[in-house]
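K.L.:
Quick note: the sequence shown uses the UniProt record's numbering, first residue 1, plus one each step. Just so you know, even glycine gets a beta-carbon here, dropped at the ideal spot from N, CA and C. Predicted model only: the values in this text are computed from it and were never measured. Just dropping this structure here.
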Amino acid sequence: MADSRPHVLLSFAASLDGFLDDASPNRLLLSNAADFDRVDAARAESDAILVGAGTIRADNPRLLVRSAERRAERTSLGLAPSPLRVVLGGSRGIDPAAAVLTEPGAETVVYEGRRSLPDVLGDLAERGVRRLMVEGGSAVLTEFLAADLADEIQVAHAPFLIGDAAAPRAFGLPGPAGFPQSPERRMLLAEYRSLGDVLYARYLVQRNDSDEELLGLTIELSRSCPPVLNAYAVGAIIVAEDGTILSTGYSREPLYGLGDPSKNHAEEVAIAKLDPADPRLRSATIYTSLEPCSPRASRPLSCTDHILAAGIPRVVLAYREPALLAVCDGAERLRAAGVEVVELPALAPAVREVNRKVLARG
Ligand SMILES: NC(=O)c1ccc[n+]([C@@H]2O[C@H](COP(=O)([O-])OP(=O)(O)OC[C@H]3O[C@@H](n4cnc5c(N)ncnc54)[C@H](OP(=O)(O)O)[C@@H]3O)[C@@H](O)[C@H]2O)c1
Ligand SMILES: [Zn+2]
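Printed below as a string of structure tokens:
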């Protein structure tokens, strides 16, 4: 998640045995309409969409935002209706009649020949790309992961198997160095949800356990919140003293036993997932993208109350709640109770970006 390159999100649909397609020349439908709509929303949130030449040859995608509403929203923000289309053309390049070159609606950049991914990402950053969605195929997904240049994976699991060695796998073999996303470096499961018969899962890649890294992950996690206009999207992650991630939560995340999910707060959900008697809480840190609430209108206990009751001694936050939806004194109350509160305002712009529609109403 370095500033010098875009945030890289790998997005694909795979069979349960990990294939992106079958071996036939016809395009295989792995996902369904609800999942295509989810992908469309993710496209609309991106600055560019990248695929390899193999995907252009196999599927000839247009790589445009389909929903007219989402295109209009992008236009109203001063963006192009669809993100920049980026193709890794490789040694053979792509057909000049390919849809990404002939279908209007977005600009297209083709990188010809073999290119180093850091150079491509550096060039895209210079073009103003901050979020890059990589939509395949097999060779390109493998290359991004093996180079440790993926920050996030969004996968739709289709409820069937392909079982054909001639079919393309979501991830091929990484080479002798292996994948950095190994059993020793587990990814963070940020979200999972059924969309009809498809299981959608979102994973975030963690690189170290600095406060900046963990708070950055927390802000990314907040992008999983179901969007509404009258409440913030917040993420929370509870980390043990030894760096183990104990629990995560995001605003409006459904959690059995907590009541109406539309009222759930991120910190509340993350705390509710743990046993209150867990001794690790007494030396843990809770990372939260927004200042913990206090007071709170929707439920008797605020997130500040929950943090104090859990005995969590340290809070790291990015953004003080603006006096827009409520007046909040969570940070002061926590400090007064002896909790260490660390603010990293350098990450506040990212929180404001995730919440730009809520903030724009104020
Ligand atoms: N299920 C899904 O979500 C999904 C999504 C996308 C694609 N797919 C499937 O995936 C399959 C295609 O996968 P694939 O592995 O064959 O193709 P691919 O990954 O889309 O593209 C590979 C091509 O990209 C070029 N390339 C890769 N890295 C490059 C780099 N660093 N610089 C320049 N060029 C680079 C390669 O160039 P060289 O020619 O020089 O080697 C190669 O031609 C198709 O079956 C498609 O349907 C499925
Ligand atoms: Zn709260």
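1. List the whole-angstrom C-beta distance separating Val-51 from Leu-64, where the pair is believed to meet the contact cut-off of C-beta under 8 Å.
2. Check the C-beta distance from Leu-28 over to Asp-22 and give it rounded, since I have them as a contact under 8 Å.
3. Which residue's Cα is closest to the Cα of Pro-159: Val-342, Asp-211, Ala-236 and Ala-13?
4. Consult DSSP for Gly-54 and reduce its assignment to one of helix, strand or coil.
5. Helix, strand or coil for Glu-107 per DSSP?
6. When DSSP builds the beta bridges, which residues end up paired with Arg-85?
7. By the 10 Å Cβ neighbour count, where 16 or more other Cβ atoms means buried, how is Arg-71 classified, buried or exposed?
8. Keeping to the same chain, check which residues put their C-beta closer than 7 Å to that of Met-1; ignore five residues upstream and five downstream.
9. Measure the CB-CB distance between Ala-270 and Ser-247 and report whether it falls below 8 Å.
10. For Gly-90, is the classification buried or exposed, using 16 other Cβ atoms within 10 angstroms of its Cβ as the cut-off for buried?
11. Going by CA-CA distance only, name the one from Val-342, Val-155, Glu-126 and Ala-266 that's closest to Asn-32.
12. How is the beta strand (DSSP E) around Ser-76 delimited, first residue to last?
13. Can you give me the C-alpha to C-alpha distance between Ser-224 and Tyr-250, rounded to a whole angstrom?
14. Please classify Gly-137: is it buried, with 16 or more other beta-carbons within 10 angstroms of its beta-carbon, or exposed?
15. Could you tell me whether any non-hydrogen atom of ligand 1 is closer than 7 Å to the CB of Ser-138?
16. In whole angstroms, what is the alpha-carbon distance linking Val-278 and Glu-73?
17. Identify whether Met-1 lies in helix, strand or coil by the three-state DSSP scheme.
18. Could you tell me which whole beta strand (DSSP E) segments of length 3 or greater appear in the region 127 to 194?
19. What would DSSP say about Ile-286, mapped onto helix, strand or coil?
20. Assuming Glu-291 and Gly-330 form a contact by the criterion Cβ under 8 Å, report the distance between their Cβ atoms to the nearest whole angstrom.
21. May I ask whether a heavy atom of ligand 4 can be found less than 7 Å away from the beta carbon of Pro-118?
22. Leaving out the 5 sequence neighbours to the left and right, which residues in its chain are closer than 8 Å to Leu-258 when beta-carbon positions are compared?
23. Tell me, which residues are paired with Val-316 by DSSP?
24. Roughly how many whole angstroms lie between the Cα atoms of Arg-186 and Pro-226?
25. When every heavy atom of ligand 2 is checked, does at least one fall within less than 7 Å of the C-beta of residue 364?
26. Assuming Arg-333 is part of the alpha helix (DSSP H), what are its boundary residues?
27. Quick one, which of Glu-135, Ser-182 and Glu-184 has its alpha-carbon nearest residue 394's?
28. In whole angstroms, what is the alpha-carbon distance linking Asn-26 and Pro-349?
29. Just checking Ser-302 against ligand 2 - is the residue's beta carbon closer than 7 Å to any of the ligand's heavy atoms?
30. If contacts are defined as beta-carbon pairs under 8 Å, then Arg-236 and Leu-281 qualify, I think. What distance do you get, rounded to the angstrom?
31. From the DSSP secondary-structure annotation, give me the bridge partner or partners of Gly-113.
32. Are the CB atoms of Leu-88 and residue 394 within a distance shorter than 8 Å?
33. Taking the beta strand (DSSP E) that Arg-202 belongs to, which residues open and close that run?
P.N.:
This is what the structure holds:
1. Going by Cβ atoms, the distance from Val-51 to Leu-64 rounds to 13 Å, so no, they are not a contact pair.
2. 5 Å
3. Nearest to Pro-159 by C-alpha distance, out of Val-342, Asp-211, Ala-236 and Ala-13, is Ala-13.
4. Here Gly-54 sits in helix by DSSP.
5. Here Glu-107 sits in coil by DSSP.
6. Ile-49 and Thr-108
7. With 16 or more other CB atoms across the displayed protein chains lying within 10 angstroms of its CB, Arg-71 is buried.
8. For Met-1, the predicted structure reports a pLDDT of 42, less than 50, and the residue's modelled location is therefore unreliable. The matter cannot be settled from this model.
9. yes
10. buried
11. The candidate whose alpha carbon is nearest that of Asn-32 is Val-155.
12. Unbroken run through Ser-76 is the alpha helix (DSSP H), 68 to 76; no beta strand (DSSP E).
13. 7 Å
14. buried
15. yes
16. Residue identity differs from the one stated: residue 278 is Asp in this sequence, not Val. Rounded to the nearest angstrom, the two C-alpha atoms are 45 Å apart.
17. For Met-1, the predicted model reports a pLDDT of 42, less than 50, meaning its position is unreliable; a value from the coordinates is still stated below. The answer is coil: DSSP assigns Met-1 none of H, G, I, E or B.
18. The DSSP assignment places complete beta strand (DSSP E) segments of no fewer than 3 residues inside the region 127 to 194 at 131 to 134 and 152 to 158, in order along the chain.
19. strand
20. 5 Å
21. This structure lacks ligand 4; its bound ligands are ligand 1 and ligand 2.
22. Asn-264, Glu-268, Val-269 and Ala-272
23. Tyr-287 and Val-342
24. Rounded to the nearest angstrom, the two C-alpha atoms are 25 Å apart.
25. A query on residue 364 cannot be resolved here, the shown segment of the chain reaching from 1 to 362 and no further.
26. 330 to 336
27. Missing from the structure shown is residue 394; the chain here goes from 1 to 362 and no further.
28. 44 Å
29. yes
30. Looking at the sequence itself, residue 236 is Ala, so the reference to Arg does not match. Not really, about 13 Å apart at Cβ, beyond 8 Å.
31. Gly-90
32. The requested residue 394 does not occur in the structure, where the chain is confined to residues 1 to 362.
33. 198 to 204
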